[in-house]
Amino acid sequence: MLMLLIKVVIVFAPSSIKIFIIQLFSWCTILWFYFNADLFWILTSVIFYILYAGVGVALTFHRTLSHNSWKFHPLVKKSLIMLASMANVGSPLTWVAVHRAHHLYCDTEKDPHSPQHQSVWYVMFGTMFSKVSIKRVVDLLRDDYIIFIHQYYYLLQLPWIAILYLLGGWMAVIACHIVPGGLTWLAGSFVNYWNHTHGYQTHDTNDSSRNNVLTGFLVLGEGWHNNHHRFPIKGTTKGSSHEFDAIYYMATMLGGKMTVK
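Read in order, the letters of the sequence shown are residues 99 to 359 in the numbering used here.
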């Protein structure tokens, strides 16, 4: 218990300003990139968006770490956590703490990104400034690998950036890291706003969560949000036949096993 408390003191250092600066640079780069890059780099950025937003954040940070919906071989899980950590949306600890608070306090003033209590601008661009409670991630604090990722979160970006630069120069860094990271943040934030204001409700969840066809496909299955709020620990968000959940198929291809079916 003492070691756990020591970890708590060590790992929770403020990082919101750093994330905001990185994301602001990414957002400013996106339009320039898509107006100036050739087709190869544009397609490459889409592939890395799928890796970052889908395999990384949605499958790993969201369904695996936040809700324990999937189990993977330990080496696969560590690789997925590292991949998600390259997406510039915060460390596993901070991302999961914010998301669990959203489910616990959904549509109340304590919800870290509620359109009912905050502006669209805050929901889209300001969630990194939300206060998070370490009580929400005590289980993750027992994982030394996740602690390592959190402690060296920004330093771990540097080797990845260096590899990309060696492979394709600054355009590779922009197409494979900066732009996909910015898009990943915007996609997740768009779900946080749009899926609590627009769409249809299949289940009575006592909150404003909605399914939406637009985000359902653009965010690879995360847009079936009302389904997710009704069954948060299920490995898939799919409800009806038209609600395609790409992340479910990504997980099975990686050898994942759903904890609840």
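Just so you know, even glycine gets a beta-carbon here, dropped at the ideal spot from N, CA and C.
From a predicted model like this one, the values you see are computed outputs, not experimental measurements.
Own chain partners of residue i with C-beta closer than 8 Å, once the 5 adjacent residues on each side are dropped
i: P172; result: none
i: S231; result: A195 and A199
i: V289; result: T313, V317, E320, G321 and H323
i: G396; result: Examination of residue 396 is not possible in this model, given that the chain is present from 99 through 359 alone.
Distance CB(residue i)-CB(residue j) smaller than 8 Å
i: M226; j: I117; result: yes
i: Y147; j: P278; result: yes
i: T282; j: A185; result: yes
i: A151; j: L318; result: yes
i: D205; j: S306; result: yes
i: H248; j: L191; result: yes
i: H211; j: P330; result: no
i: L163; j: L239; result: no
i: I244; j: I179; result: yes
i: I259; j: T127; result: no
i: D213; j: Y291; result: According to the sequence provided, residue 213 is Pro. The question's Asp does not apply to it. Yes, they are a contact pair.
Residue i, buried or exposed, once every other Cβ within 10 Å from all chains shown has been counted against 16
i: I320; result: Residue identity differs from the one stated: residue 320 is Glu in this sequence, not Ile. Result: buried.
i: L312; result: exposed
i: I108; result: Interpretation of I108 is limited by its pLDDT of 39, a score under 50 that renders its predicted location unreliable; the figure taken from the coordinates is listed afterwards. Exposed, by the Cβ-count rule.
i: D242; result: exposed
i: L102; result: Residue placement at L102 is poorly supported in this model, since its pLDDT is 46, which falls under 50; the coordinates still yield a value, given next. So L102 ends up on the exposed side.
i: S217; result: exposed
i: A156; result: buried
i: L149; result: buried
i: V153; result: buried
i: F159; result: buried
i: D302; result: exposed
i: V235; result: buried
Nearest-angstrom Cβ-Cβ length linking residue i and residue j, presumed shorter than 8 Å
i: A273; j: W139; result: 4 Å
i: S177; j: S183; result: With 8 Å as the limit, S177 and S183 do not qualify as a contact, their Cβ atoms being about 11 Å apart.
i: V187; j: G286; result: 7 Å
i: T357; j: W168; result: 7 Å
i: G224; j: W125; result: Their Cβ separation, rounded to whole angstroms, is 13 Å, which puts G224 and W125 out of contact at 8 Å.
N- and C-terminal bounds of the alpha helix (DSSP H) containing residue i
i: C126; result: S114 to N134
i: W219; result: V218 to F223
i: M180; result: P172 to S183
i: L281; result: V277 to W292
i: F146; result: L137 to Y147
i: H301; result: Per DSSP, H301 belongs to no alpha helix (DSSP H) and is neither H nor E.
i: G267; result: Q255 to V271
i: T313; result: V311 to L316
i: F246; result: D242 to Q249
i: P330; result: No alpha helix (DSSP H) contains P330, which DSSP labels as neither H nor E.
Close Cβ partners of residue i (< 6 Å) along its chain, the five nearest in sequence each way excluded
i: D343; result: G319, T334, T335 and K336
i: Y251; result: S189
Close Cβ partners of residue i (< 7 Å) along its chain, the five nearest in sequence each way excluded
i: H296; result: R308 and N310
i: E207; result: H215
i: Y263; result: A270 and V271
i: T142; result: A273 and C274
i: F110; result: Caution is warranted here: a pLDDT of 48 is assigned to F110, below 50, making its placement in the model unreliable, and the coordinate value is therefore given only provisionally. Here the set comprises I232.
i: H326; result: T335
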